[in-house]
Amino acid sequence: MMIISKPHRFALVLALLLAGPAAQAQTTLATITGSVADPTGAAIAGATVEATHLATGYRYQAVSNELGQYTLSQLREGEYEVRARAAGFKEFVVREVRLVSRDLRRIDFRLELGTVETSVEVTAGATLIETETARIGDTRGAQVFKDLPLSSRGLSDWLALSPTVGYASTTDAQRRFGGARANQWDGQLDGISFADGRGGNTIGPLMGYIESFQEVRVDIANNSAEFGPIGLVTIVSKSGSNQFHGSAFDYYVTPWFMARNPFATERPTGIRHWPGFTAGGPVRLPRLYNGVNRTFFFFSLETSRGSAAQDLLNPTVPLPDWRKGDFSATTPAVTVRDPFAGNAPFPGNRIPASRINTVSQRIQERFYPLPNFGDTRVLQSQNYRELKIRAFQPNTYWTLRIDHRFSDRIFVFGRFTWNRSRGNSFEGNLPTIGQLWNQRDTRGAVFSYTHSLRSNLLNEFRWGLAFNDNPRHGPVRGLELVRELGLVGLAPDLPDINGILKVSWSGIGLTGISQTDWRHPGYYNLTQQFQDHLSWFRGRHNFKAGAVIGRVAYKDKQAPAALFGQVWFSNRFTGHPYADFLLGIPTQAARAFPPLLIDQWRWAWAGFITDQFKFTNKLTLDIGLRYELRPSWTERENRQAIFDVGTGKIVIPNGSRAKLSPLLPRDYVEVIEAGELNLSPRRLLQTDRNNFAPRLGLAYRPWGNRTVFRGGYGIFYDTVPPGVTVAGVPFRINEPNFTNPTPLPTVVFPRVFPEAVAGPSTVSLPGATRTDLRTPYSMQWNLTLEHERWNTGFRLSYIGTNTRHGEWAYDINSPVADTRAYVDKPRLFPRYPAISYLTNGAGHQYHSLTAEAERQMASGLFFQASWVWARDIGDLERSQSPEYAYDRKRERAVWPDIPTHRITSAAVYQLPLGRGKRFGSRAGKALDAVIGGWQISGMFYYDSGQFLTPQWTGPDPTGTRYTATRTPAQVTLRPNVLRNPNFPRDQRSPVRWFDASAFEPPWPGCFGTSAKGIIYGPGSSVLHAGIYKIVAFGERVRLRWELTATNVANHPNWSNPATNISAPAQVGVVDGVGGAKYDEAGPRSFRAAVRLEW
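Start counting the sequence shown at 133; every next residue gets the next number (our numbering).
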């Protein structure tokens, strides 16, 4: 029986009791495991196995047990030399063992009889196939990042190469791993999560610069119980070594390197540099301290300077005749009528100048330029083109890391990262608005303490944080614009901040008037984590137990969209949307009240235990259980609220009644405190305490370590709990949109909202939430065959993922769909507008087959290639709502952002020319300087396109959308489908991608018959390429020049076409390039760089 001392017992208890936003962050360290046997295959007990980290001299030791099994755990990434020694046997040495983050490497020793003074040596290299676990992942080191033609200085391009890693819709902040939903992945920097804690997003700039990254690992399927989410991006920072190394570099882009966007009239201008430097080595203080083999530092500085960023403004603007009220030449012909004269037609289809509303006149003169592209007499999509170059945008990113070894048993390191970035894009796709002010500050830090308590008992503790703040605002000042236009009917006491009257259109495809809403603080996140885990090796078992405790703080203060008014125009009153605008008659109107500060936090705990059981030398079982506890959010001022469906009342935290808005109409809705319904006094929602996640994996090696069959199954819970309405009604008033009644409107410019005598008489209600919500979870399973041959690893994988208890929301106050008016139908709460009710029940099912081949750099060649065949079918994403509240099954369809086919590949080839190469090996110095040191690389990406959904906008035909009058609300729904809308591939073009005539508006009383995702979007096909020249000055100094090209063939990768059939000038039209995803699929661009490395 093993006796553990008091300090060791304390460490074990700490590991089991400590329990983040992500309570999922864990170790980034690697493991070597295997067996030691004699020439007959009999186990050798008591053999010493030692691994030496060559860069730092760190040594790790283990002793084989009675079964000959050994495990070396908590190993840093890098190159090792591994030795096995036993009395009466020759020493066995394995050189060039290259470990990556979270690597689990198997090395079996077969010792030969002899003396320990003699040795047997072999070379290992990098891991080519996974032989010990069921997980599926992909790892890349710093050299690959330098050698591939990445178009950015971040990881987005490289993640696009990872099989089954996709993008949620069109944002690179939310990703899908192995079919997982956007809320089921995490990014970690040195084992500490840099997720924002709000769901599906990361603090992106922390992975936006690669010089400080030693390697990146992507896990896409069946992580062990040590890790919480399905998808995991693990970044390991660089550290110093016993030799001083560094680099200085500059990456450079000019307009001469850029191709013209096919939708622009000119090539972009402006330049941009990405200068920086790195330095690392042992810490040396002359005459005071020598840190060789003990203390190391690494520092990197990366910047971005210049004005090469551009915005192609291509709005659709009103025609010159329209601006004067002349609709006589409109095609198709429309009769413009006067709603204030009994709908009599305007003579000659012209609105007299005296009838044009002065506010409308000021709006069109202030915000809409005249068309300058195409036939300006006929409305065409994107009839204005202008390329805008952004002002100087400096970005800075630096990292400092310190590593120290107290002894061979105790290691520590710490890292701090600082970033400030700016992205001042032109707002609203209109040249008359101006540039966004946008500053983002991010920080990251980590401290790690690793202690080898005994040869078979190791402990690691980590603390870390990630921080983000992103204040921003548009250029237009809200109160100044209100005074300039003379608007009335807005909320009282408007703040003097940036804002704009927002104008939207339906039926003609005009570009609306909008800008980014004022925000300060902006999406402020502070994530902290404490984690500890213990590794214990006994017999055939490798046990791990650990836990994470995390806290997320979130602050935000954002102006609501309608703070300075929001209006929508259709053809409801005159027969033409722009004629409605000229008369100043909006179809719908909205206003909003000043924002309140949101100040929330939440805690999360997780604990796990795993056993990697070496059942035989050929079969390894990975068994684990994870438990997660994630209570919902708490707000500092207790300004949270839900609508309780059972009582028909608003529920607020205990003691917060005094903070209700004085404008709340008390006779309209009653407010009660949580204690009256036995709800959580501050959070309002119950905590799901049943989040047990078993994990099971196996790896079977029937013919040695070159072929392995792997499989696994696991349950994975969403990483972020649900929230409730915060800093809204009843603490800040929010009113439902107003629908202007017909035939005589009551809201006409300069009024933008109906006048109320004593404040609002109707308010929107906070969301209703099922208070005992279950945490959504996914089940994932995979089967994999891997084989190693020709220095190449081959993998064939099947992955299945489904989600259960997914969150979705529906209008619980919606009437049934029929031809009656909304106000004539019975509803659950007749006095109230729409009430969104959040509950469980949504889900999806994902299947994929993946074939991969990967060769680590050998004989001057590296390559990776993969093909994914996938399909994902589901109904609703988190908190999405169905068109018809009482028929969620109508939403079940192929998921839009998982393409059927996806091919990715990357390659680096060192040309065999010059000294030491196949050709020119005897070249002199002069000739070698010319022909030697050349390298080429490429990246290729293809996907078959997204599945798009048609839309129609018009008066609600179903009578299910809220309106206070008998005039139907303006809605956007799916239309009726008459036939297959997809043209054959050779008939699709940017001006007519699909057959818009295959759809018609929904019939009265009915929703449309079209399903989601029935239109095939454009695919992407992108080839990036690079050429590099390396000149060596001695053994330690190298100068490298490179030229890389994105989309080197300048292949046009069209963005998704417009799908709203109510805008005939735009429907089916592609208005941009770049593909459906951010994979740098836009026009060709070149970048030059020079690097000095030592």
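All C-beta atoms in this analysis are idealised placements derived from N, C-alpha and C, irrespective of residue type, glycine included.
Collapsing the DSSP output to three states places F863 in coil.
Annotated three-state conformation of K634 is strand, per DSSP. Secondary structure of E1132 (DSSP, three-state): strand. Check the Cα spacing between G739 and each of L753, R758, T752 and P726: the tightest is with R758.
Counted as a single uninterrupted DSSP element, the beta strand (DSSP E) harbouring L590 occupies residues L589 to D601. Our two residues, D1004 and I352, have alpha carbons roughly 16 Å apart in a direct line. With respect to the C-alpha of Q567, the residue from L597, Q647 and L511 having the closest C-alpha is Q647. Taking a contact as a CB-CB distance under 8 Å, the pair P875 and N481 does not count as one, their CB atoms being some 20 Å apart. Each of F593, R842 and S1076 was checked against the Cα of N355, and the nearest Cα belongs to R842.
T160 sits in coil when the DSSP states are folded into three classes, being neither helix nor strand. When Cβ pairs closer than 8 Å are counted between the two stretches, the region 621-630 is seen not to touch the region 665-672, the count staying below three. A direct Cα-to-Cα measurement between P1196 and S638 gives close to 10 Å.
Counting only runs of 4 or more residues that sit fully inside the region 768-819, no alpha helix (DSSP H) segment turns up.
For the 8 Å CB-CB criterion, G1077 and P1031 form a contact. When only Cα atoms are considered, T549 and R307 end up about 24 Å apart.
In its chain, beyond the 5 residues on either side, A305, G319, F326, A327 and D328 have a beta carbon closer than 7 Å to the beta carbon of T334. Taking 8 Å as the cut-off, the beta carbon of F775 is found closer than this to the beta carbon of I967.
Between P898 and I865, the gap from beta carbon to beta carbon reaches 8 Å or more. Scanning L695, W1001 and M989 for the CA closest to the CA of T982 turns up W1001. Here the C-alpha atom of L161 lies approximately 27 Å from the C-alpha atom of L928. Put simply, of V895, R821 and W913 the residue whose alpha carbon is nearest the alpha carbon of L905 is R821.
Runs of the beta strand (DSSP E) lying entirely within the region 523-589, each at least 3 residues long, are 527-539, 542-554 and 569-586 in chain order.
Note that the C-beta distance between I261 and G836 is not below 8 Å. Here T188 is not near N527, since their CB atoms are 8 Å or more apart.
Between the beta-carbon of L204 and that of A216 there is about 11 Å, and that puts the pair past the 8 Å contact cut. Nearest neighbour of A997 by Cα position, chosen from N923, I931 and Y1073, turns out to be Y1073.
Beyond the five residues adjoining it in sequence on each side, Y384 comes within less than 6 Å, by CB distance, of H405 and A1220 in the same chain, given in chain order. Runs of the beta strand (DSSP E) lying entirely within the region 401-466 and spanning at least 3 residues, in chain order: 404-414, 427-438 and 442-445. Per the DSSP secondary-structure output, Q690 pairs in a beta bridge with R651. If you look at E1023, you'll find it isn't in any alpha helix (DSSP H); DSSP assigns it neither H nor E. A Cβ-Cβ contact shorter than 8 Å links K687 with D731.
For E347, the pairing in a beta bridge is given by DSSP as G273 and V368. Looking from the CA of G200, the closest CA among A179, V415, E211 and N570 belongs to A179. Judged by DSSP in its simplified three-state form, E616 adopts helix.
By the criterion of at least three beta-carbon pairs nearer than 8 Å, the region 769-786 is in contact with the region 797-813. In the three-state reduction of the DSSP assignment, L757 falls in the strand class, which pools E and B.
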